[in-house]
Structures are given as C-alpha cells and as structure tokens.
Amino acid sequence: MKPELGLSRQPPRTRDTLDLAPRFTEHDAVRLNRMFRGTSTQEMLEAVIRDGLAGDLAVVSSFGAESAVLLHLIASVDPTVPVLFLDTGKHFPETLAYRDELVARLGLNLVVLTPDAEELAKRDETGLRWSYDPDGCCEIRKVRPLGKALVNFDASFTGRKAFQAATRANLPRFEVDTSDAQGRLKINPLIDWDAGQIEGYFIQHDLPRHPLIAQGYPSIGCSPCTSQVAPGEDPRSGRWKGWDKTECGIHKPGEEPFL
Ligand code: SF4
38 MKPELGLSRQ PPRTRDTLDL APRFTEHDAV RLNRMFRGTS TQEMLEAVIR
88 DGLAGDLAVV SSFGAESAVL LHLIASVDPT VPVLFLDTGK HFPETLAYRD
138 ELVARLGLNL VVLTPDAEEL AKRDETGLRW SYDPDGCCEI RKVRPLGKAL
188 VNFDASFTGR KAFQAATRAN LPRFEVDTSD AQGRLKINPL IDWDAGQIEG
238 YFIQHDLPRH PLIAQGYPSI GCSPCTSQVA PGEDPRSGRW KGWDKTECGI
288 HKPGEEPFL
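FYI, the numbering used here numbers position 198 of the sequence shown as 235, with every residue one higher than the one before it.
Pasting the structure below:
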C-alpha cells in the first residue's frame, strides 16, 4: 500500500496506470529526519506506527544481543507489527530459544523467513559456502529471502546503532533502502542510543538477555561467522573474523547520511 504521507510529490495518476514509482525518495527521508529531530525514540515510534506515517511496517530482527530493546519499544506501541526473522539454518540453538522466549514474553507477531530450498540445494549443497564465500552464503540465506518478504512493506525498522561499528557511525534515523528500486524506508530508531542507554532499558524493563552474551559474544549472528570478542574490542569485530566483511548484505557498510 502506498503510504499517505504527503511527502512524495508524484503527479496524479489515472486509476488504470500501474504505479511503478518508488514509495519514498531521499528527499522524503531528509524531511522525516528533520520532522523528528529532537523527539524521543518513543515519540517517533508512536507517530510512525500509530499515524501510519511510513505505510505498512515490519521489523527485521536477528534476536541478537540487543534486539530485545527495539522489539519491546515497538511491541509497546503495537505488538501486531510483523517481526521478520531470517532463519538461515546456521543460527546458534541459543538464539532460536531466545527468539521463542522473547516472542512469548512480548507477544510478538513473528514471521520466519527461510532460504529457497532449490537455490540452497544448487548453490550450497554441502552447507559450507560460508567457509569460502560468505557473501554468497549471506546472499542465499539472508538477502534474497528478506528482499522477497520486504516487497510487501513500505518501511522496515532495524536495530542498528552508531556505536556498534565505525561503518554505522553516520547513519540517520530515516533512510531510503537502496537494496532495490522500490524506495522503501529503512528506519533506525536506536541509531543515537549508546551502550549505557541500551543497558538501562534492559534493566528498567527487566528484559531477558541473550544467553551467549555471558560467554563473550557481544554481537551475535550465525554460528560459523560469530567469534568471541575480548573486553574493550569493537563489539562487531567478532563477526566474519578474518574476512574483509562487516555486513551481511542486508545493510551496506559506509552508507552516507541524508541529514
Ligand atoms: S552470516 Fe555466515 S552462515 Fe550466516 S548467512 Fe552469512 S555467511 Fe552464511
């Protein structure tokens, strides 16, 4: 559904014309960033979710170390917002158990996305593609299933935070998702939260922790591509250790801000 935002200024179209224009433009993202400058994360989420400001919404969650905060914030406004989880087939069993715990606790509307079985059989028959071509593995197991699912939405929430890595330091709250030509919005409600705020939110709302954090995993993805991190190290340095890779392809590293 095309959102009634008043932000996209496309010329009027006749009813029998296919509307192939992007839903949002970079100019829309700039306006949204300005509109919510100085407002709290909660206020922004209420406006975006309750007022339908960004159309049909979904959250993309890995149920990782800090995911509970965004999921709790969104469920507090509307627990029916779909939570998209990419079941790559390579998750730690602890992550799947943690996912189920949070779904039950927060009453989430979980949607599990899986890779295409035929493609998996053709391109990762042994299940070891991650060891010699992690980009290709992420493409099959994450990027494509998510791309297919997001076609049905106008915007998606991510849990990215600026402090997590240098590659995320300049991200704005609202940006246009450039993974395809559809012009969906990508919304980063926690982008300006620091580690102390995240911790404070966990304590304030008595949220359960991912069980692997206590074992030295501050950032948790698929099991073959996640290593323990020494105290004080960049939390995301344990992801794809030894590879020149910082993101799974869902997000592009070094995206420029629109502000
Ligand atoms: S994070 Fe690793 S195992 Fe998971 S999809 Fe990417 S390369 Fe494959």
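Note that beta-carbon positions come from the ideal geometry of N, C-alpha and C, so glycine has one too.
Just so you know, these numbers come straight off a predicted model, no measurement behind them.
Here Thr-132 is buried. Its C-beta has 16 or more other C-beta atoms within 10 Å. Under the DSSP definition of a beta bridge, Ala-95 partners with Ser-193. At least 9 Å separates the beta-carbon of Ile-250 from that of Phe-129. With a cutoff of 9 Å on beta-carbon distance, Val-106 and Tyr-238 are scored as near each other.
The criterion of a C-beta distance shorter than 9 Å is not satisfied by Phe-211 and Val-118. Fewer than three pairs of CB atoms, one per stretch, sit closer than 8 Å, so the stretch 59-69 makes no contact with the stretch 227-241.
Between the alpha carbons of Gly-164 and Val-140 lies a distance of about 28 Å. Assignment of Asn-70 by DSSP, reduced to helix, strand and coil, places it in the helix class. Here Arg-160 is actually not in contact with Gly-144; their C-beta atoms are around 37 Å apart, not less than 8 Å.
Pro-261 has its Cβ nearer than 8 Å to a heavy atom of the ligand SF4. DSSP places Leu-82 in no beta strand (DSSP E) but in the uninterrupted alpha helix (DSSP H) bounded by 78-87.
Proximity of the beta carbon of Pro-268 to the ligand SF4 is not indicated: no heavy atom of the ligand is located closer than 8 Å. In terms of side-chain proximity, the C-beta atom of Pro-209 is found no nearer than 8 Å to any non-hydrogen atom of the ligand SF4.
At a cut-off of 8 Å, the beta-carbon of Gly-258 counts as near the ligand SF4: some heavy atom of the ligand is closer than that. Annotation: Ile-177 is outside any beta strand (DSSP E) and is labelled neither H nor E by DSSP. Per DSSP, reduced to three states, the secondary structure at Glu-212 is strand. Relative to Pro-171, the option among Ala-58, Thr-78 and Thr-263 whose CA is nearest is Thr-263.
With a threshold of 8 Å, the Cβ atom of Lys-179 counts as near the ligand SF4, since some heavy atom of the ligand is closer than that. Look at His-247 here: in three-state DSSP terms it is coil, with no helix or strand label. Distances taken from the Cβ of Pro-171 to the heavy atoms of the ligand SF4 include one shorter than 8 Å. Taking Ala-58 as reference, the option from Phe-190, Gln-265 and Gly-220 with the minimal CA-CA separation is Gly-220.
Taking a 10 Å sphere around the C-beta of Val-97, we find 16 or more other C-beta atoms and assign the residue as buried.
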